[in-house]
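In terms of the working numbering, the sequence shown has 576 at position 550, counting the first letter as 1, and numbering is strictly consecutive. What follows is a single structure, written as structure tokens, with notes after it.
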Amino acid sequence: MNYKEIADFVLEQIGGEGNISSVTHCATRLRFRLRDETIVNENALNESDDIIQAFSKSGQYQVIIGTEVPKVYNELINNSNLDESKEESAEKEKGNLVTRFFNTISSIFTPLLPALAGAGILRGILLLIEQLGWIDNKSGTYVILTAASMSVFYFLPILLAFTSAQRFKVNPYIAAVIGAALIHPELINLLGDSGNGKMTSFVGIPIILMNYSSTVIPAILAIWVYSYLEKFLEKHIWKSVQIIFVPLISLVIIVPITVGLFGPFGVYVGEGIASLINWLSESNGWITGLIVGGIWNVFVVFGLQWAVNPIMISNISVMGFDKIVPLTGAANFGIAGAAFAVLLKSKNKKMKSFSLSALLSIFFAGITEPAIYGVGMKLKRPFIGALIGGAVGGAYIGGMGVKSYAFVFGGLTTLPAFVGTTFVHYVIGLAICFIVGAIATYMLGFKEQELDTSKTQNISNEKSENNFKTVDVCSPINGKIKELKDIQDGVFSEGMLGEGIAIIPEKGEIYAPADGQLTTLFPTKHAYGLTLDNGAEILAHIGINTVELNGKYFETFVEQGQRVKKGQLLAKFDIDQIGKDYDISTPILLTNKDNYKLELTKHDNKDVSTNDILYKVSKI
Numbered sequence: 027m028n029y030k031e032i033a034d035f036v037l038e039q040i041g042g043e044g045n046i047s048s049v050t051h052c053a054t055r056l057r058f059r060l061r062d063e064t065i066v067n068e069n070a071l072n073e074s075d076d077i078i079q080a081f082s083k084s085g086q087y088q089v090i091i092g093t094e095v096p097k098v099y100n101e102l103i104n105n106s107n108l109d110e111s112k113e114e115s116a117e118k119e120k121g122n123l124v125t126r127f128f129n130t131i132s133s134i135f136t137p138l139l140p141a142l143a144g145a146g147i148l149r150g151i152l153l154l155i156e157q158l159g160w161i162d163n164k165s166g167t168y169v170i171l172t173a174a175s176m177s178v179f180y181f182l183p184i185l186l187a188f189t190s191a192q193r194f195k196v197n198p199y200i201a202a203v204i205g206a207a208l209i210h211p212e213l214i215n216l217l218g219d220s221g222n223g224k225m226t227s228f229v230g231i232p233i234i235l236m237n238y239s240s241t242v243i244p245a246i247l248a249i250w251v252y253s254y255l256e257k258f259l260e261k262h263i264w265k266s267v268q269i270i271f272v273p274l275i276s277l278v279i280i281v282p283i284t285v286g287l288f289g290p291f292g293v294y295v296g297e298g299i300a301s302l303i304n305w306l307s308e309s310n311g312w313i314t315g316l317i318v319g320g321i322w323n324v325f326v327v328f329g330l331q332w333a334v335n336p337i338m339i340s341n342i343s344v345m346g347f348d349k350i351v352p353l354t355g356a357a358n359f360g361i362a363g364a365a366f367a368v369l370l371k372s373k374n375k376k377m378k379s380f381s382l383s384a385l386l387s388i389f390f391a392g393i394t395e396p397a398i399y400g401v402g403m404k405l406k407r408p409f410i411g412a413l414i415g416g417a418v419g420g421a422y423i424g425g426m427g428v429k430s431y432a433f434v435f436g437g438l439t440t441l442p443a444f445v446g447t448t449f450v451h452y453v454i455g456l457a458i459c460f461i462v463g464a465i466a467t468y469m470l471g472f473k474e475q476e477l478d479t480s481k482t483q484n485i486s487n488e489k490s491e492n493n494f495k496t497v498d499v500c501s502p503i504n505g506k507i508k509e510l511k512d513i514q515d516g517v518f519s520e521g522m523l524g525e526g527i528a529i530i531p532e533k534g535e536i537y538a539p540a541d542g543q544l545t546t547l548f549p550t551k552h553a554y555g556l557t558l559d560n561g562a563e564i565l566a567h568i569g570i571n572t573v574e575l576n577g578k579y580f581e582t583f584v585e586q587g588q589r590v591k592k593g594q595l596l597a598k599f600d601i602d603q604i605g606k607d608y609d610i611s612t613p614i615l616l617t618n619k620d621n622y623k624l625e626l627t628k629h630d631n632k633d634v635s636t637n638d639i640l641y642k643v644s645k646i
């Protein structure tokens, strides 16, 4: 897998750098916020061997790569002018309230997942070797490893404050200080031995004290409110003293409000949700396991798992264990069983290879997206088999009251996180999920024609075949046709720049004449070079000698490197102002005429619109 080639390909197909507002990634996918999703070449993305699936959801354009996504992301950032934090703050986020909520939770927790997973596995290993008697729980080694495994949970308010600040576009270091204030030793000491609920006061106002270590909701609420306060202060405080007074006022206001209001609210809400879920598990773990194990992969498809992940993390932080994490493992092994069945039954070599890689991704990393999208959703029936496997095994795991002692993704490498009195039941449950998922998928079957790889081409083959296509070049502007030989400029009239036709515009708007990539955009905004999908290069030159205007009277709506669709607005220009001193005739040229031939279209009259074909171009 060539990560740079994949990154370049993705960048090209989504419309280039100019179409990207921001980009980040999670465990398996690139997540873009695009200015215009209509220009994305989604077919090319989905037909690539290196991409599992590409689609738009919840205001994001997502490209699923698999577990190698960090390397592709790094190539994308390192070989472009994109920035990890680049985003248009003025751009209103798309989607309804629920969509924005899920996106917010996702962006806050995604950066912490590696730390949570690593610490969780270490915690599980430590518990295992302690139970085996291989380590003394009072030794320095044990204490140091405990600190390494539990610090991410204890200091969760600081970490969440930092990532929340990145989401809400405020100073992350001030946010981290706010989070740190919640777990400062002096504040915790006020609790004494009383525990949550002890009273104190702030400037005479009664305050309920809480232990905020390992909590989730208070820090997020605090930074959300801080984001509004910071913007307000920056608007009303002189810039010369903002560096002092904005942090000062923010700390004086946000920390007491959080301790007195958001903190108790968040703690009680978190404890309430945890109690409800644990009550469901205790009252009827079989049904709870059946439901969660059966529908969890559906949650993953729609991104709903981000609403539940904080609850699991909070349970582990507060109670030391969680009963939902094992059920997510059930869903993981249900889809693993489905992938295994496809591996056995499919006669298609490519699908066999992909099923194996998806299976290993689950076993060694607990990552299910390759199996869900590349096997389950693609073949449909295996996804149903996976849900059945997850439900049956999940019912057993829930009924046996299996506990997880760390927040991890269910896989073979994360088994130590489940070491305890219910560990054997967890292993049995996973085996049930895998076997039932595999049998259900094998019995349901799938259509082999859906595996036809004739539709799936690699990048080089796709480009090679496109080179032989004939492309219609439409008029990019409304106006009247003018032959090149009639232009009073030898560069154009003698064909020095290429062959084609000119148009006298009637309206100051120019559109893309065909699908392609905007490879040239002059700083003076008067000329646009477009490389079509078959490799032909088209130049649209607005006016003669208009380079002298240095961009005056021109307004562009695209950026160089951006992919454009036929009929997409490229620029607007003031015909009247430009026409006072310059010939407004606009040549539309095929510039690489040595490799491509041009066939002019006859027009009964000289009037053309943006729907009319000017000429056809094809490779010689």
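The beta-carbon is built from N, C-alpha and C at its ideal position, and this holds for glycine as well.
{"Query": "Nearest-angstrom Cα distance between residue 133 and residue 444?", "Result": "27 Å"}
{"Query": "Rounded to a whole number of angstroms, what is the C-alpha to C-alpha distance between residue 449 and residue 106?", "Result": "48 Å"}
{"Query": "Leaving out five residues before and five after residue 191 in sequence, what residues of the same chain have Cβ atoms less than 7 Å from its Cβ?", "Result": "197, 198, 201, 249"}
{"Query": "Classify residue 348 as helix, strand or coil using the three-state DSSP reduction.", "Result": "strand"}
{"Query": "Which residues in the same chain have their Cβ closer than 6 Å to the Cβ of residue 310, if we skip the five residues on either side of it in sequence?", "Result": "none"}
{"Query": "Helix, strand or coil: which one does DSSP assign to residue 588?", "Result": "coil"}
{"Query": "Alpha carbon to alpha carbon, how far is residue 30 from residue 218?", "Result": "56 Å"}
{"Query": "Can you tell me the Cβ-Cβ gap for residue 498 and residue 540, rounded? I've got them flagged as a contact below 8 Å.", "Result": "7 Å"}
{"Query": "Have a look at residue 458 and residue 345 and give me their C-alpha separation to the nearest angstrom.", "Result": "28 Å"}
{"Query": "Quick one: grab the DSSP three-state call for residue 567.", "Result": "strand"}
{"Query": "Going by the CB atoms, is the gap between residue 549 and residue 1 shorter than 9 Å?", "Result": "In the structure as shown, the chain starts at 27 and stops at 646, and residue 1 therefore has no counterpart that could be examined."}
{"Query": "With a threshold of 8 Å, are at least 3 pairs of Cβ atoms found where one atom belongs to the region 461-472 and the other to the region 402-420?", "Result": "yes"}
{"Query": "On the criterion of 16 or more Cβ atoms from any shown chain inside 10 Å, does residue 41 qualify as buried, or is it exposed?", "Result": "buried"}
{"Query": "For residue 546, which of helix, strand or coil comes out of DSSP?", "Result": "strand"}
{"Query": "If we ignore side chains and look at the alpha-carbon of each, how far apart do residue 256 and residue 247 end up?", "Result": "14 Å"}
{"Query": "Since residue 529 sits in a beta bridge, which residues does DSSP pair it with?", "Result": "507, 612"}
{"Query": "Label residue 315 either buried or exposed according to how many other C-beta atoms from any shown protein chain fall within 10 Å of its C-beta, with 16 as the threshold for buried.", "Result": "buried"}
{"Query": "Can you give me the start and stop residues for the alpha helix (DSSP H) that residue 272 sits inside?", "Result": "268-283"}
{"Query": "Which term fits residue 152, buried or exposed, when burial requires 16 or more other beta carbons within 10 angstroms of its beta carbon?", "Result": "buried"}
{"Query": "Quick check: residue 537 and residue 596, are their CB atoms within less than 9 Å of each other?", "Result": "yes"}
{"Query": "With DSSP as the reference, please indicate the residues paired to residue 79 in a beta bridge.", "Result": "90"}
{"Query": "How about residue 92 and residue 396: do their beta carbons lie closer than 9 Å?", "Result": "yes"}
{"Query": "What residues in its chain sit with their C-beta under 8 Å from that of residue 163, if we drop five residues either side in the sequence?", "Result": "156"}
{"Query": "Can you give the Cα-Cα distance for residue 269 and residue 241, rounded to whole angstroms?", "Result": "30 Å"}
{"Query": "Which residues mark the beginning and the end of the alpha helix (DSSP H) in which residue 625 is found?", "Result": "First-last for residue 625: 622-626, but that is the beta strand (DSSP E), not the alpha helix (DSSP H)."}
{"Query": "Cα separation between residue 475 and residue 559?", "Result": "Residue confidence is low: residue 475 scores 46 on pLDDT, short of 50, so the model does not pin down where it sits. No coordinate-derived value is stated."}
{"Query": "Roughly how many angstroms lie between the CA atoms of residue 281 and residue 348, to the nearest whole one?", "Result": "30 Å"}
{"Query": "How big is the Cα-Cα spacing for residue 182 and residue 212?", "Result": "18 Å"}
{"Query": "Looking at the structure shown, is residue 535 part of a helix, part of a strand, or coil, going by DSSP?", "Result": "strand"}
{"Query": "Identify whether residue 645 lies in helix, strand or coil by the three-state DSSP scheme.", "Result": "strand"}
{"Query": "Between residue 632 and residue 501, what straight-line distance do the alpha-carbon atoms span, to the nearest angstrom?", "Result": "12 Å"}
{"Query": "According to DSSP, is residue 634 helix, strand or coil?", "Result": "strand"}
{"Query": "Once DSSP output is grouped into helix, strand and coil, what is the label at residue 598?", "Result": "strand"}
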